[in-house]
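Undergrad: Protein chains in written order, with our numbering: chain A, 47 to 267; chain B, 589 to 929.
We put the beta carbon where it would ideally sit given N, CA and C, even for glycine.
No experiment lies behind these values; they were computed from the predicted model shown.
Let me give you the structure first, and then I'll get to my questions.
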């Protein structure tokens, strides 16, 4: 056991964990903003809603469905030219971000749309009857009223993103996935793989705990 | 205050067009409590939603407080809506906001600033009797309290018109009465014009000055509440009036009475306004040689007088009974002799 512990490079583990946290944090943030935007557009352009517009709705729904359906590992490969153009390299944590965001935002957009559909139409109508503008309806009604669902949605998405970062790690993005694959699997040290797994699990539990806390706190129903 | 002219609303549907509102003309005066009654699908909901532009008429024009609601759009319509408030059957409160925050919502929309907003919210909470519940969330309130929040919210921007869309239909009878009392109070204190739609005649009887009856998109009857109670013309109106003037199961009761009293006459008397307060039965017994037996009765109060019905049984000599019935006919009351057939 001591032997194995000596072979484990703690600095490497910390660096890998940091990279995973970095990738997860930035991608969750961007996914939240982009997904919320897409989800709102998707919802508002639906039939019977304030920006009812069939062509735009079909285009966004199509985009969301296509990118949600592509397996993540394939999406990374497909996006290589785009990533190179954007980041300048295929290696490192930053290079994983475009694929992570483009993979997760459509997924989250659907969750946003579902959350918004749960809002009672009567409440939107009541706001309209008070003379609310579209801005009032979006920022004072739609988002606050669906907040618990938006938070639990981003929690689920964040956990998916952690596993996406591990996948991205294998093909050169760094982080715990990269660490487990390179240091654990390829050098035949299963204990290292196990340690990396535990680190990821801890990260996932923390995300779940924070998400649950805020979901509960905002839910006044 | 409100003028509805030749209004039609047609919804295109899969099975052809649906005429929700069909050629309705209506004038509602300033400060009036006006009721529209009808069964579901009669078009009353569509009609009231045209008053604040939630529905646009297919034909005709709707004018409220000097603005042609059926024509205006955008910011002008939003401005107009701040003067035409609405309360709803299912309250439609924001569950993410407390009572105070819900009431502050229309003030935020109108751009009322912080301290002033706070002051106004406190006034409104007092007006609707919700002191002590300021920081409760809607999920912690009873139905009646939720509707009080709805009313406070609707009054926030000092509207000229209050629209009530089945506002008491989700409430129990006792709570309904307390909400109706609040509406009358508001109408008197603030001089607000109130338009309400309902399927309960009880609501019309209790607070409305005038009533319109709707059936199949058409307005089939219109008049002061007492007038309509006294003299309902359409069969549908009669059915609605029966909801409140006649005790439940009247039909069966009458049949039963006729069976029990094969002798003499069973008579239904309808009282309206002043006549409801006259000592009619005393006169009948004193002046005619008949036996009067009171079988069943009920008196209801409306905003412009009382209305009631009384079932009596007269027995004695045929000629005396006839004289007594003639006397009843000569009074300002409705008389209907129920026969054994």
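(1) Counting contacts by CB-CB distance shorter than 8 Å, is residue 669 (chain B) in contact with chain A?
(2) Go to residue 751 (chain B), then tell me how far its beta strand (DSSP E) extends in each direction, as first and last residue.
(3) What does residue 676 (chain B) touch in chain A if you count any residue whose Cβ is under 7 Å from its own?
(4) What first and last residue would you give for the alpha helix (DSSP H) that runs through residue 140 (chain A)?
(5) What alpha helix (DSSP H) runs, 4 residues minimum, are completely inside the stretch 862-888 of chain B?
(6) Which residue spans inside the stretch 192-230 of chain A form an unbroken alpha helix (DSSP H) run of at least 4?
(7) The ligand FMN and residue 231 (chain A): does any heavy atom of the ligand fall closer than 7 Å to the residue's C-beta?
(8) Taking one C-beta from the stretch 76-92 of chain A and one from the stretch 199-206 of chain A each time, how about it: are there three or more such pairs within less than 8 Å?
(9) Report the three-state DSSP secondary structure of residue 730 (chain B) (helix, strand or coil).
(10) Measuring straight from C-alpha to C-alpha, what distance separates residue 627 (chain B) and residue 877 (chain B)?
(11) Whole alpha helix (DSSP H) runs in the stretch 74-133 of chain A with 4 or more residues, listed along the chain?
(12) With burial defined as no fewer than 16 other Cβ atoms inside 10 Å of the residue's Cβ, what is the status of residue 897 (chain B): buried or exposed?
(13) Quick check: is the beta carbon of residue 156 (chain A) nearer than 8 Å to any beta carbon in chain B?
(14) What residues in its chain sit with their C-beta under 7 Å from that of residue 677 (chain B), if we drop five residues either side in the sequence?
(15) Could you spell out where the beta strand (DSSP E) holding residue 613 (chain B) opens and where it closes?
(16) Going along the stretch 73-102 of chain A in order, which residues come within less than 8 Å of chain B, judged by CB to CB distance?
(17) Looking at the C-beta of residue 163 (chain A), does it have a partner C-beta in chain B at a distance below 8 Å?
(18) Suppose you measure from the CA of residue 909 (chain B) to the CA of residue 872 (chain B); what does that come to, to the nearest Å?
(19) How long is the line joining the alpha carbons of residue 829 (chain B) and residue 192 (chain A), rounded to whole angstroms?
(20) Using beta carbons (cut-off 8 Å, strictly below), is residue 727 (chain B) in contact with chain A?
(21) With DSSP as the reference, identify every bridge partner of residue 250 (chain A), one or two as the case may be.
(22) So with CB distances below 7 Å, who are the chain B contacts of residue 266 (chain A)?
(23) Using alpha carbons as the reference points, say which of A:86, A:70, A:262 and A:126 lies closest to residue 139 (chain A).
(24) Looking at the strands, I want to know which residues DSSP matches up with residue 855 (chain B).
(25) So, is residue 794 (chain B) buried or exposed, given that buried needs 16 or more other C-beta atoms within 10 angstroms?
(26) Residue 894 (chain B) bridges to which residues according to DSSP?
(27) Please go through the same chain and pick out, in chain order, the residues whose beta-carbon is closer than 8 Å to the beta-carbon of residue 225 (chain A), but skip the five residues on each side of it.
(28) What is the residue span of the beta strand (DSSP E) that residue 597 (chain B) lies within?
(29) Within the 8 Å Cβ cut-off, does residue 712 (chain B) reach chain A?
(30) For the stretch 175-205 of chain A, which residues have a beta carbon sitting closer than 8 Å to at least one beta carbon of chain B?
(31) Quick check: the Cα distance between residue 210 (chain A) and residue 642 (chain B), rounded to an integer number of angstroms?
(32) Nearest to residue 128 (chain A) by alpha carbon, out of A:232, A:145 and A:194?
(33) For residue 96 (chain A), which residues in the same chain have their Cβ closer than 7 Å to its Cβ, ignoring the five residues on either side in sequence?
(34) Using a Cβ-Cβ distance cut-off of 8 Å, determine whether residue 259 (chain A) contacts chain B.
(35) So for residue 638 (chain B), helix, strand or coil by DSSP?
(36) For residue 806 (chain B), which of helix, strand or coil comes out of DSSP?
TA: Let me lay it out:
(1) Taking the second chain and counting its residues from 1, one reaches residue 669 (chain B) at position 81. The beta carbon of residue 669 (chain B) falls within 8 Å of a beta carbon belonging to chain A, placing the residue at that interface.
(2) For the purposes of this step, residue 751 (chain B) is taken as residue 163 along the second chain, with counting starting at 1. Unbroken beta strand (DSSP E) run through residue 751 (chain B): 749-753.
(3) In the second chain, residue 676 (chain B) corresponds to position 88, counting from 1. Those are 168 and 172, listed as they occur along chain A.
(4) Locating residue 140 (chain A) in the first chain gives position 94, where the first residue counts as 1. Residue 140 (chain A) -> alpha helix (DSSP H) spans 139-163.
(5) 868-875
(6) 221-225
(7) Absent from the structure shown: the ligand FMN. Ligands present: none.
(8) yes
(9) Locating residue 730 (chain B) in the second chain gives position 142, where the first residue counts as 1. Of the three classes helix, strand and coil, the one that applies to residue 730 (chain B) here is coil, per DSSP.
(10) For the purposes of this step, residue 627 (chain B) is taken as the residue at position 39 of the second chain. For the purposes of this step, residue 877 (chain B) is taken as the residue at position 289 of the second chain. Near 46 Å, if we compare the C-alpha coordinates of residue 877 (chain B) and residue 627 (chain B).
(11) 100-115, 118-124 and 126-133
(12) On the second chain, residue 897 (chain B) is found 309 positions in, with the first residue counted as 1. Buried is the call here.
(13) On the first chain, position 110 is the one that residue 156 (chain A) refers to. Output row for residue 156 (chain A): interface = no.
(14) Taking the first residue of the second chain as position 1, residue 677 (chain B) is located at position 89. The answer, listed in chain order, is 753, 754, 755, 757 and 758.
(15) As a working note, residue 613 (chain B) is residue 25 in the second chain. Its beta strand (DSSP E) spans residues 606-616.
(16) none
(17) Here residue 163 (chain A) refers to the residue found at position 117 of the first chain. No, no contact with chain B.
(18) Translated into positions along the second chain, residue 909 (chain B) becomes position 321. Translated into positions along the second chain, residue 872 (chain B) becomes position 284. Distance between the alpha carbons of residue 909 (chain B) and residue 872 (chain B) is about 10 Å.
(19) Indexing the second chain from 1 puts residue 829 (chain B) at position 241. Indexing the first chain from 1 puts residue 192 (chain A) at position 146. Their Cα atoms are separated by approximately 44 Å.
(20) Taking the first residue of the second chain as 1, we reach residue 727 (chain B) at position 139. Using beta-carbon distances, residue 727 (chain B) counts as an interface residue toward chain A, with a partner under 8 Å.
(21) Position 204 of the first chain holds residue 250 (chain A). Residue pairing by DSSP places residue 250 (chain A) in no beta bridge whatsoever.
(22) Numbered from 1 along the first chain, position 220 holds the residue referred to as residue 266 (chain A). Under the 7 Å cutoff, chain B gives 683, 684, 725 and 727.
(23) For the purposes of this step, residue 139 (chain A) is identified with residue 93 of the first chain, where counting begins at 1. Residue 139 (chain A) has its Cα closest to that of A:70, out of A:86, A:70, A:262 and A:126.
(24) Numbered from 1 along the second chain, position 267 holds the residue referred to as residue 855 (chain B). Paired residue(s): B:900 and B:925.
(25) Stepping through the second chain from its first residue, residue 794 (chain B) is reached at position 206. Buried: at least 16 other Cβ atoms inside 10 Å.
(26) Walking along the second chain from the start, residue 894 (chain B) turns up at place 306. For residue 894 (chain B), which the question treats as bridged, DSSP gives the partners B:889.
(27) Numbered from its first residue, the first chain carries residue 225 (chain A) at position 179. Contacts found: 58, 59, 62, 215, 238 and 242.
(28) Start at 1 with the first residue of the second chain, and residue 597 (chain B) comes out as number 9. Where residue 597 (chain B) is concerned, the enclosing beta strand (DSSP E) stretches over 590-599.
(29) For the purposes of this step, residue 712 (chain B) is taken as residue 124 along the second chain, with counting starting at 1. So, not an interface residue.
(30) 175, 176, 177, 178, 179, 182, 186, 187, 190, 191 and 193
(31) Here residue 210 (chain A) refers to the residue found at position 164 when the first chain is read from its first residue. Here residue 642 (chain B) refers to the residue found at position 54 when the second chain is read from its first residue. When rounded, the distance between both Cα atoms is 46 Å.
(32) In the first chain, the residue the question calls residue 128 (chain A) occupies position 82. For residue 128 (chain A), the nearest C-alpha among the options comes from A:145.
(33) By 1-based counting over the first chain, the position of residue 96 (chain A) is 50. Excluding residues within five positions, the ones whose Cβ falls inside 7 Å are 90, 180 and 183.
(34) In the first chain, the residue the question calls residue 259 (chain A) occupies position 213. Residue 259 (chain A) does not count as touching chain B.
(35) Residue mapping note: residue 638 (chain B) aligns to position 50 of the second chain, counting from 1. Of the three classes helix, strand and coil, the one that applies to residue 638 (chain B) here is helix, per DSSP.
(36) Counted from its first residue, the second chain places residue 806 (chain B) at position 218. Looking at residue 806 (chain B) - three-state DSSP - the assignment turns out to be strand.
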